[in-house]
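A.B. asks: Once you've had a glance at the structure underneath, I'll fire off some questions.
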Amino acid sequence: MSIYDIEVRKTDGSTYKLEEYEGHPMLIVNTASKCGFANQFDGLEKLYQDHKEEGLIVLGFPSNEFGNQEPGSAEDAEESCRLNYGVTFPMHEKIEVNGDNQHPLYELLKSSQKGLFTDNIKWNFTKFLVDKDGEVVERFSPKTKPENIKKDLDKVL
Numbered sequence: 006m007s008i009y010d011i012e013v014r015k016t017d018g019s020t021y022k023l024e025e026y027e028g029h030p031m032l033i034v035n036t037a038s039k040c041g042f043a044n045q046f047d048g049l050e051k052l053y054q055d056h057k058e059e060g061l062i063v064l065g066f067p068s069n070e071f072g073n074q075e076p077g078s079a080e081d082a083e084e085s086c087r088l089n090y091g092v093t094f095p096m097h098e099k100i101e102v103n104g105d106n107q108h109p110l111y112e113l114l115k116s117s118q119k120g121l122f123t124d125n126i127k128w129n130f131t132k133f134l135v136d137k138d139g140e141v142v143e144r145f146s147p148k149t150k151p152e153n154i155k156k157d158l159d160k161v162l
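Under this note's numbering, think of the first position of the sequence shown as 6, with each following residue one higher.
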């Protein structure tokens, strides 16, 4: 299965396949608006603004799996991101990134780029970089700030 075959749902309930972004590098992030790493929304938005003309797509997927840090609806999460951090990149439905109910996107991401000690997502703001051909080329820990992935991002732009 290719990343482009995966269907995702926007916060408004509409669905689309990631093939919509074929030929574009993607940065895919599991987010939580009440997480201590939520200030990374600023850096993610800056990356998006700085590189969207080069084709970069940043995709946010809220998750409530870690510390109950996204307890509301996907719409609440999106509104918080837009109001508090000025996020303009696409946000999606709340999903699970681990376990029996994990979203197929995260099953593919985790199988493509293994984590340190475990394949599971350990916390919010784990970031996956996908190149223009749909290959998952890098996985970044939650502690890695968006501005610190510039060198890897430049390789896929």
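C-beta atoms are modelled at their ideal positions from N, C-alpha and C, and glycine is treated no differently.
For R14, which residues of its own chain have a beta-carbon under 8 Å away from its beta-carbon, when the five flanking residues on both sides are left out?
C.D. replies: Excluding residues within five positions, the ones whose Cβ falls inside 8 Å are T20, H97, E98.
A.B. asks: Out of K137, E140, Q107, C86, point me to the one whose CA is closest to N125's CA.
C.D. replies: The shortest C-alpha separation from N125 is found at Q107.
A.B. asks: Determine the closest residue to L61 out of P76, L134, K39, with distance taken between C-alpha atoms.
C.D. replies: Taking only the C-alpha atoms, the option nearest L61 is L134.
A.B. asks: Which residues mark the beginning and the end of the alpha helix (DSSP H) in which Y21 is found?
C.D. replies: Note, Y21: premise wrong, no alpha helix (DSSP H); beta strand (DSSP E) at 20–22.
A.B. asks: In terms of alpha-carbon separation, which member of C40, H56, E80 lies closest to S31?
C.D. replies: Here residue 31 turns out to be Met, not Ser, going by the sequence shown. Of C40, H56, E80, the residue nearest in Cα terms is H56.
A.B. asks: Quick check: the Cα distance between K156 and Q118, rounded to an integer number of angstroms?
C.D. replies: The alpha-carbon atoms of K156 and Q118 are separated by roughly 18 Å.
A.B. asks: Since I believe K150 is in contact with G48 (beta carbons under 8 Å), could you give me their beta-carbon distance rounded to a whole number of angstroms?
C.D. replies: Right, their Cβ atoms sit about 6 Å apart.
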